[in-house]
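One line per chain: the protein sequences are W and U, in this order. The first sequence begins at 1 in the working numbering and counts up by one. The second sequence begins at 1001 in the working numbering and counts up by one. Glycine included, C-beta positions come from ideal geometry on N, C-alpha and C. Remember, predicted model here, so these are calculated numbers, not experimental data.
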Amino acid sequence: MEILLSLVIIGGMGLVFGTLLSFAAQRFAVEEDARVETICDLLPGANCGACGFPGCINFAENIVKGNVNVSSCIPGGKAVCDSICEVMGVDSVAAETKLVAEVYCLGSRDVAPDKFEYQGVKDCKAAMAYGGGFKACTYGCLGLGTCAEACPFDALHMGANGLPIVDLERCTGCGICVKACPRHIIRMVNADRIGKYVPCSSRDKGKVVREVCEIGCIGDKACAKACPQDAIYFEDNLAFIDSSKCDDCGKCVEACKRRIIKDVPRLHHA
Amino acid sequence: MSERTFVGGIHPGYFKDYTAGKAIASARAPAQVIIPMHQNIGAPCEPVVQVGDEVKMGQKIGEPKGFVSAPIFASVSGKVTKIEPYNHPLGNPVLAVFIENDGLDTPDESMKPGKALEELSPKEIVQISKDAGLVGLGGATFPTHVKLSPPPEVQIDTVIINGAECEPFLTADHRQMLEQAEDVVYGLKAFMKALGATRGIIGIEDNKPDAIESIKKAVEEGKGEYNIEVHTLHTKYPQGAEKMLIKATTGREVPPGALPMAVNVVNQNSGTAVAMAQAIKLGKPLYERVVTVTGPGIKEPANLLVRNGTLVRDLIEQCGGLTDDARKIVLGGPMMGLAQPTLDVPAIKGTSGVLVLTEEFVADLPISACIKCGKCLEVCPMSLMPNFIGSASEKNNIDLAEKYGAMDCFECGCCTYTCPAKRPLVQWIRIAKGEIGARRKK
């Protein structure tokens, strides 16, 4: 009898509250724009923050409100932009060209030594706080992997030589690693560029570079003289190759005594 | 009366026996001194000498570029040979004046006794401290004249002399309180007069009974009409941090982000008091200080009176050199000092010690996850939550670190010292502080 009574009471309460709740759910329902969820599903979903919003859902809300350009999801690229345009019923905006991260330092430990042993926190920003970092070269990669840690797409890994390697298959061009690197050795480049590049960030004079690194660019302009396309220019003793002019002839590679001019990493390299 | 102290803190080994019994000796004047032009918190100095100039000992060679700054003086007489950037204890190279020592120690004309303390006005005392380039010699190197110039609406009633010397290994203050007790009291009287303070306190940790004895005697003899007390403090790190010392001696608590002035107190290190006394009595500017050269990696540890700009290499040589198992060199104490990548770094106004550690002191243990034991909360003298701030900073969540009060941390390192998971909490907090500071500047 007692068991029956408690069942009736609990069951009855459940019924009354259930009815009240279902009524409340209909009466006070929040009108939500269905497009927010649709757009959020289209997005990559990594919550990387490259668009400037904390996560994909916030980005979707702001698209629906019209606060942000539909092409602002960098990792999504053109495909995502087109599908968002479809949902929003606007003409397709041509998304910007796809970018990828490129590391501008080849100064691994064996060619660019440290000036002292660092025992602090394994984080490049922390290492920079003391004397501008433990590497003798003040521009080179510290190799503690802050960039790899920051990458929301698992597209950056620390290689065996202590330098980060970009996984071009995964890199979405969000640019988070560029902001994470305190030495600014990562740049965003056009994904379908061709030709050569100079993986060095040292703006020091040649004499200084020779002291701290075996391969760093010394700015002797030998490559520029060899280039038939006039594609190489210098800023503060550092060579840059204009990929719009470079035709991949390879004359600069032969001219460079430091062997620092390399083929650009490409996804489907011939 | 119960022992005076504060909440939190840790009890590291003292390691003071290396040098506590050794009288202060003058360090050999080096053949060349290299004097950096940035030796204090605040603005750096600009050299006022040129290459080729003959300078005298005690001559001003660096002129401050702002109010929160202090001039820099030649520590030897001789010829300026170079002015160029050189290694600095803080890590980044700083413009330095190289002076070749002629070995004569010709004093500058400005170094002569002035008026006695009784005849000086408060303003004149502040001016003397400014002209002598005095900075806090505990290690933080805050310019003394700034501390002595509170805004007019603030009335300082208490001056506290910090003789806690809570850092393990260091004995520079200890020896000065023993050997120059009169000057400590004299300096305190000068500070009190400059600020119009009615109460002077000298706080000393109870692991230095001989210093307490000698200071008490000096106070009895020298205090005159000044109201000066000697407080025996519980030996605990960081007893010498200004906020902890104020709490322990006066019971007042400095609000977050504020200076001791907010509770009408000014703190000065005992070494600074001695320098103040010498500036008044002898007209001597701050070009040398007591440095404890110590640690298991030093063959003959000593307390040395070191001229500004002497290389650490010279100091270590004079102390018998490094032992074979020496592993790490720290300027300052083991808790808050800075490790150095080279021996070629000059001793400056803030160099309280040269500490050489051996392998057993330099354990590089792996970091593991926080086990939520709460030990860091217990020891944090600022009652912060180092575990949360540290983890937030580790995950690069600077906003959260700021919310948890990262900026109130003064980096004593108790949390890292005590953490059983070997988490570098204070190091992470420092990263967060750096980023918050950079953000606020924008």
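Between residue i and chain W, is there a C-beta pair that is closer than 8 Å?
| i | result |
| --- | --- |
| residue 1427 (chain U) | yes |
| residue 1398 (chain U) | no |
| residue 1430 (chain U) | yes |
| residue 1386 (chain U) | no |
| residue 1341 (chain U) | yes |
| residue 1015 (chain U) | no |
| residue 1337 (chain U) | no |
| residue 1001 (chain U) | Annotation note: pLDDT 41 at residue 1001 (chain U) (below 50); position unreliable, no value reported. |
Beta-carbon of residue i versus every beta-carbon of chain U: anything under 8 Å?
| i | result |
| --- | --- |
| residue 116 (chain W) | yes |
| residue 269 (chain W) | Unreliable positioning characterises residue 269 (chain W) in this predicted model, as indicated by a pLDDT of 47, which lies under 50. A coordinate reading is not provided. |
By a C-beta neighbour count over all protein chains shown, 10 Å radius and 16 as the cutoff for buried, is residue i buried or exposed?
| i | result |
| --- | --- |
| residue 1115 (chain U) | exposed |
| residue 1145 (chain U) | buried |
| residue 1001 (chain U) | Because the pLDDT of residue 1001 (chain U) is 41, which lies under 50, any placement of that residue in the model is unreliable, and the number read from its coordinates should be weighed accordingly. The residue in question, residue 1001 (chain U), is exposed, as its Cβ has fewer than 16 Cβ neighbours within 10 Å. |
| residue 1112 (chain U) | exposed |
| residue 1174 (chain U) | buried |
| residue 1236 (chain U) | buried |
| residue 119 (chain W) | exposed |
| residue 1438 (chain U) | exposed |
| residue 270 (chain W) | Per-residue confidence for residue 270 (chain W) stands at a pLDDT of 40, beneath the threshold of 50, marking its modelled position as unreliable; the derived number appears in the next sentence. Exposed is the call here. |
| residue 41 (chain W) | exposed |
| residue 245 (chain W) | exposed |
| residue 28 (chain W) | exposed |
| residue 1011 (chain U) | exposed |
| residue 1440 (chain U) | exposed |
| residue 1192 (chain U) | buried |
| residue 260 (chain W) | buried |
| residue 90 (chain W) | exposed |
| residue 54 (chain W) | exposed |
| residue 1366 (chain U) | exposed |
Can you name the residues of chain W whose CB is closer than 9 Å to the CB of residue i?
| i | result |
| --- | --- |
| residue 1091 (chain U) | 129, 130, 131, 132 |
| residue 1350 (chain U) | Those within 9 Å of residue 1350 (chain U) in chain W number zero; the least Cβ separation is about 16 Å. |
Name the DSSP bridge partner or partners of residue i?
| i | result |
| --- | --- |
| residue 190 (chain W) | W:99 |
| residue 1269 (chain U) | U:1162 |
| residue 263 (chain W) | W:196 |
| residue 1094 (chain U) | U:1086 |
| residue 1358 (chain U) | U:1326 |
| residue 114 (chain W) | W:135 |
| residue 157 (chain W) | W:165 |
| residue 1338 (chain U) | U:1331 |
| residue 61 (chain W) | Looking at the DSSP assignment, residue 61 (chain W) forms no beta bridge with any residue, so it has no partner. |
| residue 1080 (chain U) | U:1099 |
I want to verify the contact list: residues of chain U whose CB lies under 8 Å from the CB of residue i, in sequence order.
| i | result |
| --- | --- |
| residue 120 (chain W) | 1424, 1427 |
What does residue i touch in chain W if you count any residue whose Cβ is under 7 Å from its own?
| i | result |
| --- | --- |
| residue 1364 (chain U) | 119 |
| residue 1009 (chain U) | The premise fails here: residue 1009 (chain U) is roughly 24 Å from chain W at the closest Cβ pair, so nothing lies under 7 Å. |
| residue 1434 (chain U) | 129 |
List the residues of chain W whose Cβ lies closer than 8 Å to the Cβ of residue i, in chain order.
| i | result |
| --- | --- |
| residue 1334 (chain U) | Within 8 Å Cβ-Cβ: nothing; residue 1334 (chain U) doesn't reach chain W, min ~14 Å. |
List, in order along the chain, the chain U residues whose C-beta lies closer than 7 Å to that of residue i?
| i | result |
| --- | --- |
| residue 125 (chain W) | 1431 |
Any heavy atom of the ligand NAD within a distance shorter than 7 Å of the CB on residue i?
| i | result |
| --- | --- |
| residue 47 (chain W) | The ligand NAD is absent from the structure shown, which contains no ligands of any kind. |
- Task: Determine contact between the region 1164-1178 of chain U and the region 1190-1201 of chain U, defined as no fewer than three beta-carbon pairs at a distance below 8 Å.
- Result: no
- Query: For the 8 Å Cβ check, are there 3 or more pairs between the region 1013-1028 of chain U and the region 1287-1303 of chain U?
  - Reply: yes
- Message: Across the region 1237-1247 of chain U and the region 1256-1275 of chain U, are there enough close Cβ pairs to call them in contact, namely three or more that are closer than 8 Å?
- Response: yes
- Message: Whether or not the region 1312-1328 of chain U and the region 1370-1390 of chain U are in contact is what I'm after, with contact meaning three or more pairs of Cβ atoms, one per stretch, closer than 8 Å; do they touch?
- Response: no
- Do the region 11-25 of chain W and the region 134-148 of chain W touch if we need at least three Cβ pairs shorter than 8 Å? no
- Message: Is it the case that the region 197-206 of chain W contacts the region 217-225 of chain W, given that we only count it when at least three CB pairs across the two stretches are under 8 Å?
- Response: yes
- Does the region 1381-1399 of chain U touch the region 1335-1351 of chain U, meaning 3 or more C-beta pairs lie closer than 8 Å? no
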